[in-house]
Amino acid sequence: MDPKTAVSLAEIYKPIAEDIKRVDGRLRGIVEEALDPFPREFGAFRSMGKRLRPAITLLVNHACRAARAETPQDVIEQAAAIELMHIATLIHDDVVDGAYQRRGHQTLHELFTDKTAVLVGDYLYATAIDIFNRFGSHHTVQVVTRTTVGMAHGELMQVLMSPETRSRREIYMEIISKKTADFFAACAEVGAEAARVPVERRQVFRKFGWQFGVAFQMIDDILDYTASENHLGKPVFQDLAEGKMTLPAILLMESGAAPDIGDLAAHHNLSPQARATLTDHLNQNDIIPRSLREADTFLAEARDLLTAQRDPESGPAIASLQAICDFVLQQEGLPKPCLT
């Protein structure tokens, strides 16, 4: 993780700093137990990421409980299970995409085999479901299993649909809703459900998670066009090279400036000349600022939902959730200022 990012997140995570340590300890125990007989070169676990998903679970739980006491162990277990689900999806995504690098490390299937990676992902996901079964409510188990069905369906849509179909904005929104936004919605809902809040308040936090998740995925898609290969851990324009029509490509096609962009995606034809031409089209049509403004529209909705839930007791946790909304717009690789 970039040092500046780490400092920023450390500040944001202050209300849950001890909880994050407990989650990390639980994750290390699970991973070591699973992989103890095997080599230690599992790149997926050397750099564990930002912990955004369990952080949202914990912060929502803190906001709902007003942090009146130490976070119960069942909440820690469920936050760890959320991260296990996330790691499992990354491992499986890398196999599907044929990715060779993740966060600067070789992917699991590159280090070993596709079979090994799929089995490790399956094990981590099954462990997560077992944790939810033991520590979560019946409703929580329903939430995470339905979310997983949606994530798998979103991936199938992305793999099986033609680039022409995927270039439609409503299809793009459906895919990112299933693959990303619904998962963030579940992260928030799990935290609220563990605090035993009324259904109405639980649904508010779920809506926050969904709005944040849409913006998060849009920004992730934008970074594929703006960040360096060193920052991404993969080549720039990799999404388009894999045939994925994401927000910048869709906006560019809608502008009429690059009507052949769908063909580029369909034929995975991204020569150096095509990349240079594409960059010119992006700059001339303000595609990146427009994409960021769309993402910020969803972040604004997320912030408003949180503001309505703020009170003196829940204030620190709510403030951290709002700071996470700001954080995703300030990532390395995005233009500064990113909104105009």
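Okay, so the sequence shown: first residue is 61 according to this note's numbering, each after it adds one. Beta carbons are placed, not taken as given, at the ideal position from N, Cα and C, and that holds for glycine. Here the structure is a predicted model, which is why all the values come from computation and not from measurement.
CB contact flag (residue i, residue j, <9 Å)
| i | j | result |
| --- | --- | --- |
| HIS152 | ALA177 | yes |
| GLN369 | ARG262 | no |
| ALA254 | ALA188 | no |
| THR117 | GLY210 | no |
| SER351 | LEU307 | yes |
| ARG430 | LYS304 | The shown model of the chain, from 61 to 400, leaves out residue 430, and the question about it has no answer. |
| ALA94 | TYR185 | no |
| SER380 | ILE80 | no |
| ASP73 | ALA123 | Residue identity differs from the one stated: residue 73 is Tyr in this sequence, not Asp. No, they are not a contact pair. |
| GLU215 | VAL156 | yes |
| GLN271 | ALA362 | yes |
| GLN298 | ALA317 | no |
| ILE236 | ASP284 | no |
| GLY181 | THR149 | yes |
| LYS238 | MET221 | no |
| ILE136 | VAL83 | yes |
Nearest-angstrom beta carbon gap, residue j and residue i [assumed within contact, 8 Å]
| i | j | result |
| --- | --- | --- |
| LEU365 | PHE243 | Wrong, their Cβ atoms sit about 17 Å apart, outside the cutoff. |
| HIS341 | LEU312 | 6 Å |
| GLY393 | THR286 | 6 Å |
| ILE310 | ARG229 | 6 Å |
| GLU143 | LEU87 | 6 Å |
| PHE265 | ALA248 | 4 Å |
| PRO295 | ILE348 | No, PRO295 and ILE348 are not in contact; Cβ-Cβ is about 18 Å, not under 8 Å. |
| VAL388 | ILE279 | 5 Å |
Assigned exposure category for residue i - 16 Cβ within 10 Å defines buried
| i | result |
| --- | --- |
| GLY273 | buried |
| GLN391 | buried |
| THR207 | buried |
| ALA205 | It is Thr, not Ala, that sits at residue 205 in the sequence shown. The residue in question, THR205, is exposed, as its Cβ has fewer than 16 Cβ neighbours within 10 Å. |
| ALA360 | exposed |
| ASN121 | buried |
| HIS198 | exposed |
| ILE384 | buried |
| ASP371 | exposed |
| ASP356 | buried |
| ALA104 | Here ALA104 scores only 49 on pLDDT, less than 50, and its place in the model should not be relied on; the value that follows carries that caveat. By the neighbour-count rule (16 or more Cβ atoms within 10 Å), ALA104 is buried. |
| PRO223 | buried |
| GLN382 | buried |
| ARG353 | exposed |
| GLN138 | buried |
| ASP62 | Summary for ASP62: the model assigns pLDDT 46, below 50, so the residue's position carries little reliability; its value from the coordinates is reported in the next sentence. ASP62 is exposed by the Cβ-count criterion. |
| LEU119 | buried |
| VAL203 | buried |
| VAL259 | exposed |
| ARG128 | exposed |
| GLN133 | exposed |
| THR131 | buried |
| THR167 | buried |
| ALA336 | exposed |
CB contact check: residue i to chain C, cutoff 9 Å
| i | result |
| --- | --- |
| ARG228 | Absent here is chain C; the protein component of the structure consists of one chain. |
Scan the stretch 156-227 and note each continuous alpha helix (DSSP H) run of 4 residues or more that stays entirely inside, going in chain order.
168-171, 174-195, 198-220 and 223-226
What alpha helix (DSSP H) runs, 4 residues minimum, are completely inside the stretch 300-371?
Within the stretch 300-371, the complete alpha helix (DSSP H) runs of at least 4 residues are 307-315, 321-327, 332-344 and 347-367.
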